[in-house]
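Trainee:
Number of protein chains: 2
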Amino acid sequence: MKSIREPVRQARGDATRQSILDAAEVVFAEQGYAAARLEDVALAVGIRRPSIVYHFPGKQELYDAVEADIFASMHAYVVAHTAGVTDPMARLLALLDAWLDFMVARPTAARIIQRLIADVGPRAGNPIEFSETALRDIEAIVAAGVEAGHFRPVPAMMILNGVAAGAIFYVCNARLLGEGRTYDPADPAELARFRALIHTLARAAVTSGAG
Amino acid sequence: MKSIREPVRQARGDATRQSILDAAEVVFAEQGYAAARLEDVALAVGIRRPSIVYHFPGKQELYDAVEADIFASMHAYVVAHTAGVTDPMARLLALLDAWLDFMVARPTAARIIQRLIADVGPRAGNPIEFSETALRDIEAIVAAGVEAGHFRPVPAMMILNGVAAGAIFYVCNARLLGEGRTYDPADPAELARFRALIHTLARAAVTSGAG
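Chains as they are written, first to last, in the UniProt record's numbering: chain A, 1 to 211; chain B, 1 to 211.
#1: Go ahead and label R12 (chain A) buried or exposed: buried means 16 or more other beta carbons lie within 10 angstroms of its beta carbon, across all protein chains shown.
#2: At a cut of 8 Å, does the region 197 to 209 of chain A reach the region 13 to 27 of chain B through at least three beta carbon pairs?
#3: Between which two residues does the alpha helix (DSSP H) carrying T200 (chain B) extend?
#4: Measuring only the C-alpha atoms, how far is A204 (chain A) from R91 (chain A)?
#5: List in chain order: all unbroken alpha helix (DSSP H) runs of 4+ residues lying wholly within the region 21 to 85 of chain A.
#6: How many angstroms separate the CA atom of N126 (chain A) from the CA atom of A110 (chain B)?
#7: Quick one: list the residues of chain B neighbouring M158 (chain A), beta-carbon separation under 8 Å, in chain order.
#8: Write down the C-beta distance between I141 (chain B) and A29 (chain B) rounded to the nearest angstrom, noting that I regard them as a contact closer than 8 Å.
#9: Does DSSP put E139 (chain B) in a helix, a strand or coil?
#10: Closer than 9 Å between beta carbons: that is the criterion. Which residues of the region 13 to 39 of chain B meet it against chain A?
#11: Would you mind stating whether V41 (chain A) and T108 (chain A) have Cβ atoms separated by less than 8 Å?
#12: Looking only at its own chain, which residues have a Cβ that is under 6 Å from the Cβ of P88 (chain A), when we skip the five neighbours before and after it?
#13: For V78 (chain A) and D137 (chain A), which I take to be in contact (beta-carbon distance under 8 Å), what is that distance rounded to the nearest angstrom?
#14: So, G58 (chain B) versus A34 (chain A), is the Cβ gap smaller than 8 Å?
#15: Could you give the distance in angstroms between the alpha-carbon of F130 (chain B) and the alpha-carbon of L191 (chain B)?
#16: Once you ignore the five residues that flank A65 (chain B) on each side, which residues in its own chain have a CB closer than 7 Å to its CB?
#17: Under 8 Å between C-beta atoms, does I4 (chain B) make it to chain A?
#18: Along chain A, in chain order, which residues have C-beta atoms closer than 7 Å to that of P188 (chain B)?
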């Protein structure tokens, strides 16, 4: 199985830069952009703030690198998991499986994407500077299914908001629903059950004739 | 149609307190808890910071009042829109319609809930102090459908994460998907199309036999 941190991260030679990125992803995921401080990232890596600034001039640049890494890894993961799958429905389910598995294995990414969608900034100028690959991945698969006559003409954005959103909520909500409702998103039985639901929803979304 | 700000807000006599709450909801929605400043709320209301502190001792208390108001209004909206509906499927669709209409009419609430799910805090101690009514609303309806044998035994939390999540993404994502993908969630045709999708997904989630 393709790693959720490959191949973008492996190409980088600098171990410190990678440690900073890993720590920053946790800090941005837990605290959000506004509250995150370079000092917290430095503390987590065990270096001093100037060592971060040597690699990343400021918080915005560090955040951008984290977000770019998430979406590049996610796209690579999707490409690997949909390669050779030609049937439109099988491709759609493979894409949604890849996104779900990616979020479960990298919950910091799920939380950062959840924040992205709440935030207008810091990517207000071009909110999809890094996420466009993900949008194109789902658009291409939905368009192919519609063209082949296998899917009803449903906009890809409805599948994104209506079905793919579930993978992010599933990961982020695990400990937020109160006593007696906590679950482990990585538990194999739990994950299998949610994956089956996502498949059911995806099939219904693209094939159901009725509103 | 029941107002999305009734009846909680009407019961309060103090117009200034209400103006502070309304402005704070916008500030918390746009900036998040960490970045929000009481000064921004004061500026939006046209009062000075001490006038806010007279009503709300601090940022946490002001945030709590906003979150409490959102979930109380949302619950009242659901109660009004499911009253007299007895068939389990019709009740489930009425609940999801109520949530969707509530989010569309009050996008600041959608954005605050989206943030809640990204954040561990400020409700880390009891994350559902205010949202428990919403969780109970959906649990009661799903449980009734399962008991009546109309629904397969699907946990309410899967409907929450898999189907209801869509209403929040639909509202929050409207201007975040880049050029050519922007939509108006309140546009009647757009909303009708997304509502039909939510109905399709809800029916599939509770009645589909296969995974």
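For every residue, glycine included, the Cβ atom is placed at its ideal position computed from N, Cα and C.
Computed from a predicted model, the values in this text were never measured in an experiment.
Mentor: In this structure, then:
#1: By one-based count along the first sequence, residue 12 (chain A) stands at place 12. With a pLDDT of 45 at R12 (chain A), under the threshold of 50, the modelled position of this residue cannot be trusted, and the question is left open.
#2: The region 197 to 209 of chain A, when compared against the region 13 to 27 of chain B, does not touch it at the 8 Å Cβ threshold.
#3: Position 200 of the second sequence holds residue 200 (chain B). Here the alpha helix (DSSP H) through T200 (chain B) covers P188 to T207.
#4: Working through the first sequence from its first residue, we reach residue 204 (chain A) at position 204. Working through the first sequence from its first residue, we reach residue 91 (chain A) at position 91. Near 15 Å, if we compare the C-alpha coordinates of R91 (chain A) and A204 (chain A).
#5: Counting whole runs of 4 or more residues, the region 21 to 85 of chain A contains the alpha helix (DSSP H) stretches 38 to 45, 49 to 55 and 59 to 82.
#6: Within the first sequence, numbered from 1, the residue matching residue 126 (chain A) stands at position 126. Within the second sequence, numbered from 1, the residue matching residue 110 (chain B) stands at position 110. The alpha-carbon atoms of N126 (chain A) and A110 (chain B) are separated by roughly 22 Å.
#7: By one-based count along the first sequence, residue 158 (chain A) stands at place 158. Within 8 Å Cβ-Cβ: R193, F194 and L197.
#8: Translated into the one-based positions of the second sequence, residue 141 (chain B) becomes position 141. Translated into the one-based positions of the second sequence, residue 29 (chain B) becomes position 29. Not confirmed; about 27 Å, so no contact.
#9: Residue mapping note: residue 139 (chain B) aligns to position 139 of the second sequence, counting from 1. In the structure shown, E139 (chain B) sits in a helix (DSSP, three-state: H, G or I).
#10: For the region 13 to 39 of chain B, which is checked against every Cβ of chain A, the residues closer than 9 Å are A29, E30, Q31, G32, Y33, A34, A35 and A36.
#11: Position 41 of the first sequence, counting from 1, holds the residue named residue 41 (chain A). Position 108 of the first sequence, counting from 1, holds the residue named residue 108 (chain A). No.
#12: The count along the first sequence starts at 1 and reaches residue 88 (chain A) at position 88. Cβ neighbours of P88 (chain A) beyond the five flanking positions: A144, G145, A148 and H150.
#13: Here the question's residue 78 (chain A) lines up with position 78 in the first sequence. Here the question's residue 137 (chain A) lines up with position 137 in the first sequence. Correct: roughly 5 Å between the Cβ atoms.
#14: By 1-based counting over the second sequence, the position of residue 58 (chain B) is 58. By 1-based counting over the first sequence, the position of residue 34 (chain A) is 34. Contact: no.
#15: Counting from 1 along the second sequence, the entry for residue 130 (chain B) is found at position 130. Counting from 1 along the second sequence, the entry for residue 191 (chain B) is found at position 191. Rounded to whole angstroms, F130 (chain B) to L191 (chain B) spans 27 Å at the Cα level.
#16: Your numbering for residue 65 (chain B) matches position 65 in the second sequence. The residues are L21 and F56.
#17: In the second sequence, counting from the first residue as 1, residue 4 (chain B) sits at position 4. For I4 (chain B), the answer is no, since every Cβ of chain A falls outside 8 Å of its Cβ.
#18: Translated into the one-based positions of the second sequence, residue 188 (chain B) becomes position 188. Near P188 (chain B) there are no residues of chain A at all, since even the closest Cβ is about 14 Å away, more than 7 Å.
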